[in-house]
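Heads up: the sequence shown begins at 0 in numbering that gives the first Met the number 0, then just goes up one per residue.
The beta-carbon is built from N, C-alpha and C at its ideal position, and this holds for glycine as well.
Predicted model, so just to flag it, every value in this text is computed and none were measured.
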Amino acid sequence: MAERKPIESWLTDMDGVLIHEGTPIPGADEFIRRLRESGKPFLVLTNNSIYTPRDLAARLAGMGLEVPEECIWTSALATAKFLAGQRPGGTAYVIGEAGLTTALYQAGYVLTDNAPDYVVLGETRTYSFEALTKAIRLINAGARFICTNPDETGPSHEGVLPATGSVAALITKATGVDPYFVGKPNPLMMREALNTAGAHSESAVMIGDRMDTDIVAGMEAGMETILVLTGLTAATDIERFPYRPTRVVKSIADLVDLV
Numbered sequence: 000m001a002e003r004k005p006i007e008s009w010l011t012d013m014d015g016v017l018i019h020e021g022t023p024i025p026g027a028d029e030f031i032r033r034l035r036e037s038g039k040p041f042l043v044l045t046n047n048s049i050y051t052p053r054d055l056a057a058r059l060a061g062m063g064l065e066v067p068e069e070c071i072w073t074s075a076l077a078t079a080k081f082l083a084g085q086r087p088g089g090t091a092y093v094i095g096e097a098g099l100t101t102a103l104y105q106a107g108y109v110l111t112d113n114a115p116d117y118v119v120l121g122e123t124r125t126y127s128f129e130a131l132t133k134a135i136r137l138i139n140a141g142a143r144f145i146c147t148n149p150d151e152t153g154p155s156h157e158g159v160l161p162a163t164g165s166v167a168a169l170i171t172k173a174t175g176v177d178p179y180f181v182g183k184p185n186p187l188m189m190r191e192a193l194n195t196a197g198a199h200s201e202s203a204v205m206i207g208d209r210m211d212t213d214i215v216a217g218m219e220a221g222m223e224t225i226l227v228l229t230g231l232t233a234a235t236d237i238e239r240f241p242y243r244p245t246r247v248v249k250s251i252a253d254l255v256d257l258v
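Below, the structure written as structure tokens:
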């Protein structure tokens, strides 16, 4: 393998890397502090489209992790940037929360259920039968189907919840139309994050806890990848995949001295 350039930019997943079920993972606070002191570009990435970067920055601050909102990159932001590039000033019928609707507004989109260019599906805790029925009818009428991310389930204190990918499957079953997923593992989300940070893939690293999203997306975007074992992928799972991370560490604490 060709020797990579020194790491100048850092991208990291949030859940399973920095936090777990609302609690910081040991070492995450020191890692973020080192990143901020280094002056190197960094972004915290999440497939969650519910919250705006400001919301997430406040939630992280409440856990002792001081991440500026401009250093947070969500699937909602990636989706809005993608659509603004595809069809500037377009229209969309949106199923989702403030993170998604705010991103689309800021990208110059009009949100409407009157013959929209796109149906955009994001994550919400209140999927309604009425909204899903409207989405199905709009897609059948010609609206293009976009989904913020393919995650089929999400965590909660009570157990797993159906997430965007599961709801997208319902709409696909009813319409015969597959969505375009913008979030991880689509490397598009990584490349847009790199562009936002002013970073280059040859000198950037992606840290994640999932082989099937974080690591494959980082690899396909041309970055070095680091798998931490504090999330969904265990060490025994790695050999099941046809690709490998650049390196594997126990937790984010093992990366503090690399910044």
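Query raised in the report: Can you list, in chain order, the stretches of the alpha helix (DSSP H) that have 4 or more residues and sit fully within the segment 158–231?
Result: If we require 4 residues or more, the alpha helix (DSSP H) runs fully inside the segment 158–231 come out as 163–174, 186–196, 215–219.
Query - Beta-bridge pairing of L91 - partner residues as DSSP gives them - result: In the sequence on display, residue 91 carries Ala and not Leu. Paired residue(s): L110, Y117.
Requested in this report: Could you pull the start and end residues of the beta strand (DSSP E) that D150 belongs to?
Outcome: Careful: D150 lies outside any beta strand (DSSP E) and carries neither H nor E.
Report task. Can you tell me the Cβ-Cβ gap for S48 and V258, rounded? I've got them flagged as a contact below 8 Å. Result -> Contact doesn't hold; Cβ gap of about 28 Å is too wide.
Query raised in the report: What does R143 pair with, by DSSP beta-bridge criteria?
Result: Looking at the DSSP assignment, R143 forms a beta bridge with Y117.
Query raised in the report: Can you tell me the Cα-Cα spacing of A75 and A220, whole angstroms?
Result: Rounded to whole angstroms, A75 and A220 show a C-alpha spacing of 19 Å.
Query - Nearest-angstrom Cα separation, counted from P244 out to M0 - result: Low confidence applies here, because M0 scores a pLDDT of 47, under 50, leaving its location unreliable and the question unanswered by this model.
Query - Residue range of the alpha helix (DSSP H) that includes D54 - result: 52–60
Query raised in the report: Helix or strand or just coil, what does DSSP make of S260?
Result: Absent from the structure is residue 260, since the part of the chain shown begins at 0 and ends at 258.
**Report entry** Backbone secondary structure at R3 - three-state DSSP
**Finding:** DSSP places R3 in coil when its eight states are reduced to three.
Query raised in the report: So what's S8 in DSSP terms, helix, strand or just coil?
Result: strand
**Report entry** Beta-bridge pairing of T45 - partner residues as DSSP gives them
**Finding:** T73
Query raised in the report: Which class does R136 belong to by DSSP, given the choice of helix, strand or coil?
Result: helix
Query raised in the report: DSSP on T22, reduced to helix/strand/coil?
Result: strand
Query - Continuous beta strand (DSSP E) stretch holding V255: start and end - result: It is not in any beta strand (DSSP E) - V255 carries neither H nor E in the DSSP assignment.
Query - Proximity to D150 [Cα-Cα], best of S8, D14, Q85 - result: It is D14.
Report task. Taking 7 Å as the cut-off, decide whether the C-beta atoms of L64 and D28 are in contact. Result -> yes
Report task. Mark E223 as exposed unless 16 or more other C-beta atoms lie within 10 angstroms of its C-beta, in which case mark it buried. Result -> buried
**Report entry** Which of helix, strand or coil DSSP assigns to R246
**Finding:** Three-state DSSP puts R246 in a strand.
Query raised in the report: Which residues mark the beginning and the end of the alpha helix (DSSP H) in which L103 is found?
Result: 97–105
Report task. Just tell me which of N46, R35, A60, V43 has its CA closest to the CA of T22. Result -> A60
Report task. Could you tell me the distance, in whole angstroms, from the CA atom of P115 to the CA atom of V16? Result -> Taking the straight line joining both Cα atoms gives about 37 Å.
**Report entry** Inter-stretch contact (C-beta, 8 Å, three-pair minimum) for the segment 168–181 and the segment 201–209
**Finding:** No, the segment 168–181 does not touch the segment 201–209.
Query raised in the report: Going by alpha carbons, who is nearest to A56 out of G98, P184, N148?
Result: G98
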